[in-house]
Structure formats: C-alpha cells, structure tokens
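Colleague: Heads up: the sequence shown at position 280 corresponds to 280 in the numbering used here, and the numbers run straight through without jumps. Here it is, the structure, as structure tokens.
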Amino acid sequence: MDAKAVLAMIKEKDVKFVDFRFTDPRGKWQHTARMASATEEDSFTDGVMFDGSSISGWKAINESDMILMPDPSTAVLDPFTAQTTLIVTCDVVEPSTGQLYARCPRSTAKRAEAYMKSAGIGDTAVFGPELEFFVFDDVRFKVEMSGSSFSISSNESPWNSNAEIEGGNLAHRPAVKGGYFPVQPVDTHNDLRAEMMSVCTDMGLTMEIHHHEVAPAQNELGFRFDTLVKTADNVQKYKYTLHNVAHSYGKTLTFMPKPLMATTARACTATSRSGRTASRCSPGRATPTSPRRRSTTSAASSSTPRR
Numbered sequence: 001m002d003a004k005a006v007l008a009m010i011k012e013k014d015v016k017f018v019d020f021r022f023t024d025p026r027g028k029w030q031h032t033a034r035m036a037s038a039t040e041e042d043s044f045t046d047g048v049m050f051d052g053s054s055i056s057g058w059k060a061i062n063e064s065d066m067i068l069m070p071d072p073s074t075a076v077l078d079p080f081t082a083q084t085t086l087i088v089t090c091d092v093v094e095p096s097t098g099q100l101y102a103r104c105p106r107s108t109a110k111r112a113e114a115y116m117k118s119a120g121i122g123d124t125a126v127f128g129p130e131l132e133f134f135v136f137d138d139v140r141f142k143v144e145m146s147g148s149s150f151s152i153s154s155n156e157s158p159w160n161s162n163a164e165i166e167g168g169n170l171a172h173r174p175a176v177k178g179g180y181f182p183v184q185p186v187d188t189h190n191d192l193r194a195e196m197m198s199v200c201t202d203m204g205l206t207m208e209i210h211h212h213e214v215a216p217a218q219n220e221l222g223f224r225f226d227t228l229v230k231t232a233d234n235v236q237k238y239k240y241t242l243h244n245v246a247h248s249y250g251k252t253l254t255f256m257p258k259p260l261m262a263t264t265a266r267a268c269t270a271t272s273r274s275g276r277t278a279s280r281c282s283p284g285r286a287t288p289t290s291p292r293r294r295s296t297t298s299a300a301s302s303s304t305p306r307r
C-alpha cells in the first residue's frame with residue numbers, strides 16, 4: 001500500500017483521524033493523531049513533526065524537533081476508537097541529517113536487516129515470537145514514605161478457593177502450575193483469547209493458535225512469523241490489541257516476566273531463521289529451504305518490553 005492507496009482508504013472508510021505511531025526506547029508504542037482532512041500525500045514524503053524531548057532518553061529541549069515518517073504499508077483501522085481512526089506506523093527521522101534516528105527501535109531493526117545483507121549472512125531473516133501474558137481482575141500497589149505494597153488477584157487464583165464471591169464461589173480454577181491446559185470452566189479465559197485472536201486478525205496479523213499456559217491467569221496466542229521489521233510491527237499491534245480487549249472485558253493484562261511468585265514465569269520464545277536465495281548462493285551455501293542459521297531462545301526476563 002502506498003500513500004495514494006492510504007488516502008483512498010481514508011475516503012472510502014470515512015476516516016476521521018490518522019494516528020501516527022512510533023516505538024520508544026522501552027518498547028512502548030507512542031502516538032500523535034491528526035485530522036484526516038489535514039493528512040495529505042506530502043505527509044508521507046515530508047513526514048510529521050513532533051517533540052522528541054518528551055521521550056525519555058532521546059532529545060534535549062533545545063533539539064526537540066523530530067520527524068515521524070509514516071510507512072503507508074502499515075496502515076490499518078483501529079478497532080477500539082469511538083471515531084474512525086487509521087493507525088500508521090512511523091520511522092523516526094533526524095531532521096538535521098534526514099537519516100533514520102539511531103535511537104529509534106524500528107530504525108535499529110532496519111539497520112540490522114541491511115547489515116545482514118551487506119555482510120553476506122543472508123538475504124532474508126524471519127522471526128517467530130511467542131509472547132505469553134497474564135490476565136488479572138484486580139491489581140493494587142502503593143509506594144509511599146511509610147512503605148510499599150502490591151496485591152494481585154484473578155478469578156483463577158488458587159488462593160481464592162475460600163473467598164466469598166458475589167454469586168457464589170464455583171471453585172473451578174486451575175491448581176498451582178495446573179493451567180496447561182484443562183478445558184472450560186477451569187479455563188475461564190477461552191472466550192477472551194478467542195476475541196483477541198479475532199481482533200488481532202482484523203489488525204492484520206496471521207493468527208494461528210491460542211491456549212492457556214501453566215500458571216493461573218497465564219495465556220498465550222501465536223501468530224505467523226515474518227521479517228524482523230514486520231514482526232516487530234506485529235508485536236506492537238499484538239500488545240495493543242491484547243491490552244485493549246482485556247480492558248473491554250474489565251480485566252488488566254501484563255507482559256511482565258514474573259508477576260506471581262511460586263509459579264511459572266512468562267516466557268518470551270523467539271525462533272529465527274536466515275537464508276540466501278538460490279541465485280546468490282555459492283556452492284554449499286544455504287537456501288531458503290535449507291536455512292543457513294536457525295536459533296531458538298527462551299527467556300523470562302526484563303529484556304522483553306514491559307507492560
């Protein structure tokens with residue numbers, strides 16, 4: 001999809017706002033919206049100015065002007081807004097040089113892909129992350145001069161087996177490390193995950209599987225692998241969709257590595273594969289059907305962007 005196609009989509013879908021999104025150094029999606037009537041073709045060539053000094057770790061106030069360069073191929077309708085809104089993912093550009101900003105995570109991914117090709121590692125690399133998450137019904141915390149505390153609860157929590165619950169305590173909940181993976185009514189999140197799968201599909205992801213995970217309140221959805229930049233864009237859409245679907249169900253969702261003690265942590269498993277096309281392969285080099293390199297890593301660590 002190019003800029004002309006995006007403008008045609010705005011007209012066809014009667015879009016009211018265009019939401020320009022980018023990723024900060026912590027992996028969080030940020031955004032600024034513009035009236036659709038003020039969005040023209042040059043918005044995709046000249047970009048959209050914004051204040052970079054408000055993003056932690058980026059710019060000082062005296063050099064705050066930065067450019068969001070929209071990628072028209074990423075345009076997708078936002079399923080959660082009251083007014084019809086089109087989401088467009090952007091690169092961050094340094095205005096003084098016209099180059100991609102070095103601290104923009106999407107720019108880093110683009111440079112990594114370019115280096116892979118220039119170094120002869122491969123023509124294409126694909127990545128398939130598996131992003132588990134927890135869904136809670138109540139989260140409370142405080143940090144004060146007198147002390148700090150936090151409390152987390154889910155209707156699946158084993159410690160609620162003796163709780164007084166409005167309408168009665170029906171007792172269907174997984175045991176500690178027993179969530180992998182009984183059917184309903186023990187699995188209370190089946191319909192929630194199915195809704196997430198449907199909305200993720202509307203957001204352009206190719207969804208494949210969903211299931212409960214080992215810990216109470218722990219779940220996983222799986223989507224199709226893709227190249228580094230496209231997968232990173234899909235991860236942002238995935239997180240955005242899951243947070244908002246959970247919120248619409250009156251629940252809160254987190255990608256924190258280990259919000260509960262004495263049970264399973266949230267893993268982030270990623271499978272990667274790189275290969276060279278047959279036309280450019282030397283004898284003995286790998287082809288896309290015979291990968292040059294394949295690695296699988298799994299870690300429950302803070303290296304994955306937090307909630």
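The beta-carbon is built from N, C-alpha and C at its ideal position, and this holds for glycine as well. It should be emphasised that the depicted structure is a prediction, and the values quoted were computed from it without experimental measurement.
(1) Shortest alpha-carbon distance to Asp-137 belongs to which of Glu-144, Tyr-240, Thr-252?
(2) In whole angstroms, what is the alpha-carbon distance linking Ala-82 and Cys-90?
(3) By DSSP's criteria, Asp-65 is part of a beta bridge. Which residues make up the other side?
(4) Take Lys-230 as the anchor and find which of Ser-56, Asp-14, Ala-112 has the nearest alpha-carbon.
(5) Secondary structure at Ser-107, three-state DSSP: helix, strand or coil?
(6) Which residues in the same chain have their Cβ closer than 7 Å to the Cβ of Ser-179, if we skip the five residues on either side of it in sequence?
(7) Suppose contacts are defined by Cβ-Cβ distances below 8 Å. Is Ala-60 in contact with Ser-53 by that definition?
(8) Only counting the same chain, and skipping five residues up and downstream in sequence, which positions put a Cβ closer than 6 Å to that of Met-207?
(9) Please state if the CB of Pro-105 and the CB of Ala-270 are separated by a distance shorter than 8 Å.
(10) Just the Cα atoms here: how many angstroms apart are Val-6 and Pro-158?
(11) Based on the DSSP secondary-structure assignment, which residues constitute the bridge partners of Lys-128?
(12) Please list, in chain order, all residues of the same chain as Arg-103 whose beta carbon is under 7 Å from its beta carbon, the five residues on each side excluded.
(13) Roughly how many angstroms lie between the CA atoms of Ser-153 and Val-186, to the nearest whole one?
(14) What three-state label does DSSP hand Met-1 in the structure shown?
(15) Have a look at Gln-184 and Pro-174 and give me their C-alpha separation to the nearest angstrom.
(16) How would you write the range of the alpha helix (DSSP H) that Met-196 sits in, first residue to last?
(17) Starting from Asn-244, trace the alpha helix (DSSP H) in both directions and tell me its first and last residue.
(18) Going by DSSP, what residue range makes up the beta strand (DSSP E) through Met-35?
(19) Between which two residues does the beta strand (DSSP E) holding Glu-220 run?
(20) Out of Arg-21, Phe-225, Thr-188, Thr-241, which one is the CA nearest neighbour of Leu-170?
(21) So Ala-3 packs on Glu-63, CB below 8 Å; how close in whole Å?
(22) What separation, rounded to the nearest whole angstrom, lies between the Cα atoms of Thr-85 and Leu-228?
(23) I'd like to check one pair, Met-66 with Val-92: are the Cβ atoms closer than 8 Å?
(24) What is the rounded straight-line gap between the Cα of Met-49 and the Cα of Asn-190?
(25) Helix, strand or coil for Ser-118, going by three-state DSSP, please let me know.
(26) Among Ala-36, Ile-10, Ala-119, which one has its Cα closest to the Cα of Gly-275?
(27) Any idea what DSSP makes of Val-6, helix, strand or coil?
Modeller: Quick look at the numbers:
(1) Thr-252
(2) 23 Å
(3) Asp-51
(4) Ala-112
(5) helix
(6) With the sequence shown as reference, residue 179 is identified as Gly, and Ser is not the correct amino acid for it. Correct list, in chain order: His-212, Glu-213, Val-214, Ala-215, Pro-216, Gln-218.
(7) yes
(8) Met-197, Cys-200, Thr-201, Phe-223
(9) no
(10) 49 Å
(11) What sits at residue 128 in the sequence shown is Gly, not Lys. Note: Gly-128 sits in a beta bridge opposite Thr-271.
(12) Pro-25, Gly-57, Trp-58
(13) 16 Å
(14) coil
(15) 10 Å
(16) 190–202
(17) 228–248
(18) 29–35
(19) For Glu-220, the enclosing beta strand (DSSP E) has its first and last residue at 218–223.
(20) Thr-188
(21) Between Glu-63 and Ala-3 the Cβ distance is about 28 Å, and since that is not below 8 Å, they are no contact.
(22) 26 Å
(23) yes
(24) For Met-49 and Asn-190, the distance between alpha carbons rounds to 43 Å.
(25) Look at Ser-118 here: in three-state DSSP terms it is helix.
(26) Ala-119
(27) helix
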